[in-house]
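Colleague: Mind having a look at this structure? Questions to follow.
Protein chains: 2
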Amino acid sequence: MPYQPSDFPPFAVTVDLVVLTVREGNLQVLLVRRGGAPYKGRLALPGGFVQPDEHLVDAAARELAEETGLHLGEVHLEQLRSYGSPRRDPRMRVVSVAHLAVAPDLPEPIAGTDAAGAEWRVVDDVLAAPRRLAFDHAAILRDGVERARAKLEYSSLATHFCQDEFTVAELRRVYETVWGTELDPRNFHRKVTGADGFLVPTGRRTNRDGGRPAELLRTGSARRLNPPILR
Amino acid sequence: MPYQPSDFPPFAVTVDLVVLTVREGNLQVLLVRRGGAPYKGRLALPGGFVQPDEHLVDAAARELAEETGLHLGEVHLEQLRSYGSPRRDPRMRVVSVAHLAVAPDLPEPIAGTDAAGAEWRVVDDVLAAPRRLAFDHAAILRDGVERARAKLEYSSLATHFCQDEFTVAELRRVYETVWGTELDPRNFHRKVTGADGFLVPTGRRTNRDGGRPAELLRTGSARRLNPPILR
DNA sequence: ACAAAAGTGTTTGTGTTACACCCATGT
DNA sequence: ACATGGGTGTAACACAAACACTTTTGT
Chain A
3 MPYQPSDFPP FAVTVDLVVL TVREGNLQVL LVRRGGAPYK GRLALPGGFV QPDEHLVDAA
63 ARELAEETGL HLGEVHLEQL RSYGSPRRDP RMRVVSVAHL AVAPDLPEPI AGTDAAGAEW
123 RVVDDVLAAP RRLAFDHAAI LRDGVERARA KLEYSSLATH FCQDEFTVAE LRRVYETVWG
183 TELDPRNFHR KVTGADGFLV PTGRRTNRDG GRPAELLRTG SARRLNPPIL R
Chain B
3 MPYQPSDFPP FAVTVDLVVL TVREGNLQVL LVRRGGAPYK GRLALPGGFV QPDEHLVDAA
63 ARELAEETGL HLGEVHLEQL RSYGSPRRDP RMRVVSVAHL AVAPDLPEPI AGTDAAGAEW
123 RVVDDVLAAP RRLAFDHAAI LRDGVERARA KLEYSSLATH FCQDEFTVAE LRRVYETVWG
183 TELDPRNFHR KVTGADGFLV PTGRRTNRDG GRPAELLRTG SARRLNPPIL R
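Sequence lines, in order, name chains A and B.
One rule links them: number in the numbering used here = place in the first sequence (from 1) + 2.
One rule links them: number in the numbering used here = place in the second sequence (from 1) + 2.
Structure representation (structure tokens):
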């Protein structure tokens, strides 16, 4: 069945974003309030149409910048998966290529931007009332959170929740918050500092957490953790 | 920025399939010979347009059946990821939602079907000359193989390379072939038979591999292996 | 001196590896 | 009897969990 370039079923293609951060001791997700139909007034994941000459990930980065003021370099961004049920949008056939973004707890990332409608929400609260989200966005959010939780184990994703320089304790609180578990600070310290290429010491220290000053670290070059950090 | 249902950039949406099997001691992939431009005469992944009312996974299953005669129930099928570079197809803007399929070594799955152009190829040979594949299909194949290799560790994916009933040794040869490593038969036996819910004994035995008859097994209900089978 | 958090050492248990050994069949 | 592959037992080792203990700061 050869392609028929001039005669194919036309689809709209969008990107949707699951933007996660750790704020106030919670895993939070960035949501926007919808201004028009359908699902007017409901919360939704940020997103929008892919432009005719745009790479998918560029479209995701553009929407992220437009709706939140966050730029690549500040955030981790990866493709999550695509959602294309025939009636997921009542107006037309839309395939959405969802992306997962992970951002550090920035001072005030949203206030001064175009779409001041964006707000951080606690993930557990949102998922407890999934029908309040527009479209199939609750399912997308679930998948994004699941991906993030899984990737903490075997990748350096957790460091993208932290500022540029961070302590072992701050990194541990990321794991504890995202997983919803408590971790032994002493064993955690040994594991993450022992994982080759995961963390690089800056040589400097901070006492911002109180008590004995802790070493300040940066993300290392390792993208894959071996052995993994276990829940 | 509200949607404009009547005015959006139109995309073609396709599904492409990475269909893997273990045949003749090799990991093999199903490819079709392209009959028309572009890339006429080149090998490509099977695939085609998503129809206006079709779920993405249904489109993948339909193309799989059309081009190979394989039906759901015989194969494992899951979404891989989407590929949408602006110029990946020279004729128009296409977003392809790639899927990964895993099939057992069926007697003659292809001969009697519509598209008799489908052929099994050794994955390592294909990836050694990636330019011979049409479009960005070499990259999609690489991603599919990588996904399959990773999922053997922590899921029951390997059993889908086997017939309905199989022995521990046959399952081990799947692991060895897909990973390209040798595994200790005795430790492997203990690990897979010990993994809870992974394998269920049928009570019957077979001597088709020679030597002492081996227990015939079926896939269990566990989808997630704990602890994982390590390379 | 005391509280608080960072970081190290040690014990104990569990899982993996390597390999010796026995089992059940065909020839 | 012997070859072939199936399957079990076991010792050595690596790693993770639990937790006692020392270090370094602020108050």
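Cβ atoms here follow ideal geometry from the backbone N, Cα and C, with glycine treated the same way.
Taking V202 (chain B) as the reference, which of B:E217, B:T208, B:I231 and B:R210 has the closest Cα?
Modeller: Closest option to V202 (chain B), Cα to Cα, is B:E217.
Colleague: Would you report the Cα separation of D138 (chain B) and D18 (chain B), rounded to the nearest angstrom?
Modeller: So the two alpha carbons sit approximately 11 angstroms from each other.
Colleague: Pick from A:R89, A:A224 and A:L32: whose alpha carbon is nearest that of D55 (chain B)?
Modeller: Ranking A:R89, A:A224 and A:L32 by Cα distance to D55 (chain B) puts A:R89 first.
Colleague: Taking DSSP's pairing of strands, which residues face A140 (chain A) in a bridge?
Modeller: Answer is none; A140 (chain A) lacks a bridge partner.
Colleague: Looking at the secondary structure, which residues open and close the beta strand (DSSP E) in which A80 (chain A) lies?
Modeller: According to the sequence provided, residue 80 (chain A) is Glu. The question's Ala does not apply to it. H78 to Y85 is the span of the beta strand (DSSP E), which, as asked, contains E80 (chain A).
Colleague: List, from N- to C-terminal side, the alpha helix (DSSP H) runs of 4 residues or more that fit wholly inside the segment 161-194 of chain A.
Modeller: Complete alpha helix (DSSP H) runs here, min 4: 170-181.
Colleague: Give the straight-line distance between the Cα atoms of Q6 (chain A) and R225 (chain B), rounded to the nearest whole angstrom.
Modeller: Low per-residue confidence applies at Q6 (chain A): pLDDT is 48, beneath 50, and the placement is therefore not dependable, though the value from the model is reported in the following sentence. Straight-line Cα distance between these residues: approximately 40 angstroms.
Colleague: Closer than 7 angstroms between beta carbons: that is the criterion. Which residues of the segment 83-111 of chain B meet it against chain A?
Modeller: For the segment 83-111 of chain B, which is checked against every Cβ of chain A, the residues closer than 7 angstroms are R83, S84, G86, S87, P88, R93, M94, R95, V97 and V99.
Colleague: Roughly how many whole angstroms lie between the Cα atoms of L82 (chain A) and A100 (chain A)?
Modeller: Approximately 5 angstroms, taken between the alpha carbons.
Colleague: Could you tell me which of A:Q165, A:P215 and A:R149 sits nearest to V24 (chain A), measuring between CA atoms?
Modeller: Of the candidates A:Q165, A:P215 and A:R149, the one whose C-alpha sits nearest the C-alpha of V24 (chain A) is A:Q165.
Colleague: Indicate whether V31 (chain A) and V125 (chain A) have their beta-carbon atoms separated by less than 8 angstroms.
Modeller: Closer than 8 angstroms, so yes.
Colleague: Is any beta-carbon of chain A found at less than 8 angstroms from that of G78 (chain B)?
Modeller: Here residue 78 (chain B) is His; the residue named in the question, Gly, does not match the sequence. It does not: the Cβ of H78 (chain B) has no partner Cβ on chain A nearer than 8 angstroms.
Colleague: Look at A141 (chain A) and L45 (chain A) and say whether their C-beta atoms are less than 8 angstroms apart.
Modeller: No, the Cβ-Cβ distance between A141 (chain A) and L45 (chain A) is not below 8 angstroms.
Colleague: Could you spell out the range, first to last residue, of the alpha helix (DSSP H) harbouring L58 (chain B)?
Modeller: Unbroken alpha helix (DSSP H) run through L58 (chain B): L58 to T70.
Colleague: Can you confirm whether V21 (chain B), when its beta carbon is compared against all beta carbons of chain A, has any partner nearer than 8 angstroms?
Modeller: For V21 (chain B), the answer is no, since every Cβ of chain A falls outside 8 angstroms of its Cβ.
Colleague: Taking the straight line between their C-alpha atoms, what separation do you get for E178 (chain B) and A152 (chain A)?
Modeller: Approximately 26 angstroms, taken between the alpha carbons.
Colleague: Counting only Cβ pairs nearer than 9 angstroms, list the residues of chain A close to Q165 (chain B).
Modeller: Those do not exist, as Q165 (chain B) stays about 30 angstroms from chain A at its closest Cβ, beyond 9 angstroms.
Colleague: Name the two residues that bound the continuous alpha helix (DSSP H) containing D126 (chain A).
Modeller: Here the alpha helix (DSSP H) through D126 (chain A) covers V125 to A130.
Colleague: Compare the C-beta of L66 (chain A) against all C-beta atoms of chain B and say whether one is closer than 8 angstroms.
Modeller: No, L66 (chain A) lies away from the interface with chain B (no Cβ there is under 8 angstroms from its Cβ).
Colleague: DSSP has F51 (chain B) in a bridge; who is on the other side?
Modeller: F51 (chain B) pairs with B:T16.
Colleague: Can you find a C-beta in chain A that's less than 8 angstroms from the C-beta of T155 (chain B)?
Modeller: Per the sequence shown, residue 155 (chain B) should be read as Glu rather than Thr. So no, E155 (chain B) is outside the interface.
Colleague: Looking at the C-beta of A63 (chain A), does it have a partner C-beta in chain B at a distance below 8 angstroms?
Modeller: Chain B, which has no Cβ nearer than 8 angstroms to the Cβ of A63 (chain A), makes this no.
Colleague: Can you check whether the CB of E65 (chain A) is closer than 8 angstroms to the CB of P48 (chain A)?
Modeller: Cβ atoms of P48 (chain A) and E65 (chain A): closer than 8 angstroms.
Colleague: Run down chain B in chain order and give the residues with a C-beta less than 8 angstroms from the C-beta of E56 (chain A).
Modeller: Near E56 (chain A) (Cβ distances below 8 angstroms), the residues of chain B are P88.
Colleague: Reducing DSSP to helix, strand and coil, say where R149 (chain B) ends up.
Modeller: If DSSP states are grouped into helix, strand and coil, R149 (chain B) belongs with the helices.
Colleague: Considering just the uninterrupted stretch of the beta strand (DSSP E) at P203 (chain B), what are its terminal residues?
Modeller: First-last of the beta strand (DSSP E) with P203 (chain B): L201 to T208.
Colleague: Let me confirm a value: G114 (chain B) is counted as buried when at least 16 other C-beta atoms fall within 10 Å, else exposed. Which label applies?
Modeller: At G114 (chain B), the pLDDT of 49 sits below 50, so the modelled position is not reliable; the number obtained from the coordinates is stated separately. Looking at its Cβ environment, which holds fewer than 16 other Cβ atoms inside 10 Å, G114 (chain B) is exposed.
Colleague: Is the separation between the beta-carbon of T70 (chain B) and that of A120 (chain B) shorter than 8 angstroms?
Modeller: Yes, the pair counts as a contact, with Cβ atoms nearer than the cut-off.
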